[in-house]
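The structure under discussion appears below in the form of structure tokens.
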Amino acid sequence: MEYNFRDIEQKWQQKWVDLKTYKVVEDKNKQKFYVLNMFPYPSGAGLHVGHPLGYIASDIYARYKRLKGFNVLNPMGYDAYGLPAEQYAIQTGQHPEVTTKKNIARYREQLDKIGFSFDWDREVRTCDPHYYHWTQWAFEQMFNSYYDNRLQKAQPISQLVKHFEEEGTLNLDVAKSEEFVFSARDWMSMDEHEQQEKLMNYRIAYLGETMVNWCPGLGTVLANDEVVNGVSERGGYPVVQKLMKQWCLRVSAYAQRLLDGLEKINWSDSIKETQKNWIGRSEGTEVEFKYVTPNGSEGQKEGKFTIFTTRADTMFGVTFMVLAPESELVKELTSDAQKAEVEDYLAYVKKRTELERMSDRKVTGVFSGSYGINPFTGEQLPIYVSEYVLAGYGTGAIMAVPAHDSRDYAFAKHFNLPIVPLIEGADVSEESFDAKEGIVINSPAEGKEAALEGFSLNGLTVKEAIAKTKKFVSERGIGRVKVNYRLRDAIFSRQRYWGEPFPVYYKKGMPYMVPTDCLPLELPEIDKYEPTESGEPPLGRAKMWAWSEKENKVVDKSLVDDETVFPLELNTMPGFAGSSAYYLRYMDPHNNDALVGREADEYWQNVDLYVGGTEHATGHLIYSRFWDKFLFDIGCSCKDEPYEKLVNQGMIQGRSNFVYRINSDDHSKAPVFVSLGLKDKYETTPIHVDVNIVHADVLDVEAFKAWRPEYKDAEFIFEDGSKSADRTSNESTAGNAVYKCGWAIEKMSKSMFNVVNPDDIVEQYGADTLRLYEMFLGPVEASKPWDTNGIDGCFRFLKKFWKLYQQELNDEEPSKESLKSVHKLIKKVTGDIEQFSYNTAISAFMICVNELSQQKCANKELLKKLVIVIAPFAPHMAEELWEQLGGETKSVCDAAWPAWDESYLVENEVQLTVSFNGKARFQMTFPADATKEDIEKCALADDRSKHYIDGKTIVKIIVVPRKIINIVCK
Numbered sequence: 001m002e003y004n005f006r007d008i009e010q011k012w013q014q015k016w017v018d019l020k021t022y023k024v025v026e027d028k029n030k031q032k033f034y035v036l037n038m039f040p041y042p043s044g045a046g047l048h049v050g051h052p053l054g055y056i057a058s059d060i061y062a063r064y065k066r067l068k069g070f071n072v073l074n075p076m077g078y079d080a081y082g083l084p085a086e087q088y089a090i091q092t093g094q095h096p097e098v099t100t101k102k103n104i105a106r107y108r109e110q111l112d113k114i115g116f117s118f119d120w121d122r123e124v125r126t127c128d129p130h131y132y133h134w135t136q137w138a139f140e141q142m143f144n145s146y147y148d149n150r151l152q153k154a155q156p157i158s159q160l161v162k163h164f165e166e167e168g169t170l171n172l173d174v175a176k177s178e179e180f181v182f183s184a185r186d187w188m189s190m191d192e193h194e195q196q197e198k199l200m201n202y203r204i205a206y207l208g209e210t211m212v213n214w215c216p217g218l219g220t221v222l223a224n225d226e227v228v229n230g231v232s233e234r235g236g237y238p239v240v241q242k243l244m245k246q247w248c249l250r251v252s253a254y255a256q257r258l259l260d261g262l263e264k265i266n267w268s269d270s271i272k273e274t275q276k277n278w279i280g281r282s283e284g285t286e287v288e289f290k291y292v293t294p295n296g297s298e299g300q301k302e303g304k305f306t307i308f309t310t311r312a313d314t315m316f317g318v319t320f321m322v323l324a325p326e327s328e329l330v331k332e333l334t335s336d337a338q339k340a341e342v343e344d345y346l347a348y349v350k351k352r353t354e355l356e357r358m359s360d361r362k363v364t365g366v367f368s369g370s371y372g373i374n375p376f377t378g379e380q381l382p383i384y385v386s387e388y389v390l391a392g393y394g395t396g397a398i399m400a401v402p403a404h405d406s407r408d409y410a411f412a413k414h415f416n417l418p419i420v421p422l423i424e425g426a427d428v429s430e431e432s433f434d435a436k437e438g439i440v441i442n443s444p445a446e447g448k449e450a451a452l453e454g455f456s457l458n459g460l461t462v463k464e465a466i467a468k469t470k471k472f473v474s475e476r477g478i479g480r481v482k483v484n485y486r487l488r489d490a491i492f493s494r495q496r497y498w499g500e501p502f503p504v505y506y507k508k509g510m511p512y513m514v515p516t517d518c519l520p521l522e523l524p525e526i527d528k529y530e531p532t533e534s535g536e537p538p539l540g541r542a543k544m545w546a547w548s549e550k551e552n553k554v555v556d557k558s559l560v561d562d563e564t565v566f567p568l569e570l571n572t573m574p575g576f577a578g579s580s581a582y583y584l585r586y587m588d589p590h591n592n593d594a595l596v597g598r599e600a601d602e603y604w605q606n607v608d609l610y611v612g613g614t615e616h617a618t619g620h621l622i623y624s625r626f627w628d629k630f631l632f633d634i635g636c637s638c639k640d641e642p643y644e645k646l647v648n649q650g651m652i653q654g655r656s657n658f659v660y661r662i663n664s665d666d667h668s669k670a671p672v673f674v675s676l677g678l679k680d681k682y683e684t685t686p687i688h689v690d691v692n693i694v695h696a697d698v699l700d701v702e703a704f705k706a707w708r709p710e711y712k713d714a715e716f717i718f719e720d721g722s723k724s725a726d727r728t729s730n731e732s733t734a735g736n737a738v739y740k741c742g743w744a745i746e747k748m749s750k751s752m753f754n755v756v757n758p759d760d761i762v763e764q765y766g767a768d769t770l771r772l773y774e775m776f777l778g779p780v781e782a783s784k785p786w787d788t789n790g791i792d793g794c795f796r797f798l799k800k801f802w803k804l805y806q807q808e809l810n811d812e813e814p815s816k817e818s819l820k821s822v823h824k825l826i827k828k829v830t831g832d833i834e835q836f837s838y839n840t841a842i843s844a845f846m847i848c849v850n851e852l853s854q855q856k857c858a859n860k861e862l863l864k865k866l867v868i869v870i871a872p873f874a875p876h877m878a879e880e881l882w883e884q885l886g887g888e889t890k891s892v893c894d895a896a897w898p899a900w901d902e903s904y905l906v907e908n909e910v911q912l913t914v915s916f917n918g919k920a921r922f923q924m925t926f927p928a929d930a931t932k933e934d935i936e937k938c939a940l941a942d943d944r945s946k947h948y949i950d951g952k953t954i955v956k957i958i959v960v961p962r963k964i965i966n967i968v969c970k
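Okay, so the sequence shown: first residue is 1 according to the UniProt record's numbering, each after it adds one.
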């Protein structure tokens, strides 16, 4: 019987649905295993062959763990909110929900064709009110919580209120935005509005003034990764920095726990290091500097500000100071004479994202007109404003030590500022800025002793100098020891329509929460999806968008009276709101009373294997870990780390093709394209061409003309120099009278026309071949190019595997060779799956099938084991063969993973190569326990050896166990 993959795959995909093969329920008699993919945003383009890579890898592991006896949860859903659907709605007027549902249907169709073992009964969509009910609930819990630094956990805000009532801010150690000091009497004398303003300073979800990437063209705030070279990634609209009141989440409060948690999870060192750098813990000192601002006729203005430094011992090498452009100190410290220049510079920085400022090494800045006073030396230091200093780290002000910091050095060289080395023999150049070792010998500088009453660091190591300086600063009251983190609080507002609504209404400008029993607060209908004419977010267009406290429901906003009816929040939540705790909802997706029920949470606990791309290392993975830790604090999650093991799949790259257009100033003529081999004779521009009209790098010329209207009259110079203009339309090509395309390996993208649709591969070769080939391309974590030409090998292998079962099978004792082949395979594949080495496992399958074919193996029970082992890789074929073999279970999914027997793997014989004077001549088989003397005797006695020894003297015989015998003659 032929391998009819189309019929087989359609049959089993329907059977899996009918039999609910992949439906999973909690079973305390089985050990759980939770496999999760980073769920996709359903774009209109659908899947290309790069997208399923991670899904296939995790599906193989999920199927394997089920065969090993685990109760496996393997869910799938959709990150359904996003800017693309909203932009499409703006352009077409079609509701984003319509677009999203259509895209989801397309994704589901494609995913089903590939044969994943997802439990679709647990599907979640972030745009579903039943889902975002619990996102809104979590936000309200954060609003009603603060972070206790001593307990290192979130606590109810009611406890903080009680503390204020009894002690004010005395003995308080909590995360906060600003430092406030007030007594219990002060607190009790405040009205409700004042108390709410103070509490906002401590809430985990809070309203705060923050600098954002504002895109006027899109009417919304953008995340750093949504901005490229100062414009929006989508649409290319200009982006500026803007101070806005936004909802924020106090992620920074969890910085140390986020760091500590990395030691408990099985993630790659590179991802852990990326997160550590993003969190950016540094122990240092906050030091107080006085400043003076000469202001002409008005006299000198004086004041104080604080800087943070990890190297207080380098105070003697400070030659200037720098403020972040966003710092409130800029306005305070800018002199009248410098005002215009500073304002021009600030206008420039507004167009630069924080990401660009961190990565771009060019030097820019402006003098503020003020001078800081070094508390150690009394020197006046010029204060500059520069984009290389960020407001969110430390205090937004730094002391610059150009002799020992690369960016300070570059700035000093650019503005011709002094550079003072602190370490004996220090290499003060842009190639070397390592001040971590060595002896401090240059402090205090000559003539500065009086400022510090003889304070000296001479002769100390750097570590000793840092400790002495910290102590001195604290004792003198000019600073304090401080731990700082680079991690910022998350901006949680978006000026968009298509997102989760905030369950928030406003009384006299202060936010209040919609009662939890009234959730979800559903997204209202609006007539247009753009900001209002007055600049409000799109929700400003909603008519039914006010909250009645009396009726506890949404009412017409014309009824707002600020007595019983109040305006609702017009912003929506960002994309990561819905993706931060979705793994918990999968555990109990139909629970109407809780995000996740206690029983389900305690059974599934957290994700055992999480698969997704490295691009989420500092966004989703940080926020999701924070979200989980908060839910753990309030008793909603039983684990404070959501993902035990993380595997980052690589990228499947596309093989792009190019045609070469001859440059011409005369645009009225039809374009002329020259073939690859002749392109260097002309001035040309390479143009991406759809890979689907290129075969083995040869362009289908007629298809190309039909591809784009502007190419319908195109002319071609072929590889042999002939021209299309000299041919008749029906003249066939021969030899080198073809158009050869160039090629390159690039990211698979619609813009590069190198996208391969998995539907086409499934139609031509089958889903099992697609699954096998994507894993065979290389290690799961590595990026690799897609080459459709290579898929034939996997297809031929599956046909050969199928053929093995189309003979008359029997119950006769299998040969030792067959037993060895199969058990060797079971051992190899088991180990490879555990290590995600799927490509080597597939190679082992190919070797085993070749061996069994040569051995003419027909033992039914032995071949049945082979079906189970290949089932995670090629589930459709495995199901069909399992049924044909009369398997003990309805589905091969419920079979038991076979164990290998080491006794079958013992080598009874070894094959050695016999060489003469180092040249291999033939091979011989020996008993595995043969001695060196036995091997020598047998080799010399073989008739083939006589030819190479005849007339020569044997000098020596070298035996390398299990490899070669080398007979040296002369």
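Just so it is clear, CB atoms sit at the ideal spot from N, CA and C, and this is done for glycine as well.
Determine the DSSP secondary structure at residue i, reduced to helix, strand or coil.
i, result
"Val-481", "strand"
"Pro-709", "helix"
"His-95", "coil"
"Glu-446", "No answer about Glu-446 holds up, because its pLDDT of 47 lies below 50 and its placement is not dependable."
"Lys-176", "coil"
"Asn-648", "strand"
"Val-24", "coil"
"Met-510", "strand"
"Gly-540", "helix"
"Tyr-131", "helix"
"Gly-677", "helix"
"Asp-612", "Note that residue 612 is Gly in the sequence shown, not Asp. Strand, per DSSP."
"Phe-626", "helix"
"Ala-920", "strand"
"Ser-668", "coil"
"Phe-118", "coil"
"Ile-398", "strand"
"Arg-962", "coil"
"Trp-16", "helix"
Ordered along the chain, which non-local residues of its own chain (more than five positions away) have a Cβ less than 7 Å from that of residue i?
i, result
"Ala-45", "Lys-750"
"Asp-27", "Asn-71"
"Cys-215", "Leu-222, Ser-232, Tyr-237, Val-239"
"Asn-917", "Val-968, Cys-969"
"Asp-759", "Gln-110, Lys-113"
Give me the DSSP bridge partner(s) of residue i.
i, result
"Cys-969", "Ile-954"
"Ala-412", "Partner(s): none; Ala-412 has no beta bridge."
"His-688", "Phe-658"
"His-695", "Val-698"
"Tyr-643", "Val-607"
Leaving out the 5 sequence neighbours to the left and right, which residues in its chain are closer than 6 Å to residue i when beta-carbon positions are compared?
i, result
"Val-389", "Val-322, Ala-324, Ile-398"
"Lys-827", "Trp-900"
"Lys-448", "Interpretation of Lys-448 is limited by its pLDDT of 49, a score under 50 that renders its predicted location unreliable; no figure is taken from the coordinates."
Which parts of the region 196 to 278 are runs of the alpha helix (DSSP H), unbroken and 4 residues or longer, counting only runs that do not cross its ends? 255 to 261, all fully within the region 196 to 278.
Touch test, the region 151 to 162 against the region 99 to 117, Cβ-Cβ under 8 Å, three pairs minimum: They do not touch, by the three-pair rule.
Give, in chain order, every unbroken run of the beta strand (DSSP E) that is at least 3 residues long and sits entirely within the region 284 to 372. 300 to 309, 320 to 323
Using 8 Å as the threshold, is the region 36 to 50 in touch with the region 129 to 139, meaning 3 or more CB pairs across them? No, the region 36 to 50 does not touch the region 129 to 139.
Answer yes if the region 391 to 406 comes into contact with the region 313 to 332, meaning at least three C-beta pairs across the two stretches below 8 Å, and no otherwise. Output reads yes: the region 391 to 406 touches the region 313 to 332.
Can we say the region 195 to 212 touches the region 483 to 503, given the rule of at least three CB pairs closer than 8 Å? yes
Would the region 331 to 342 count as touching the region 360 to 376 if we require 3 or more Cβ pairs under 8 Å? yes
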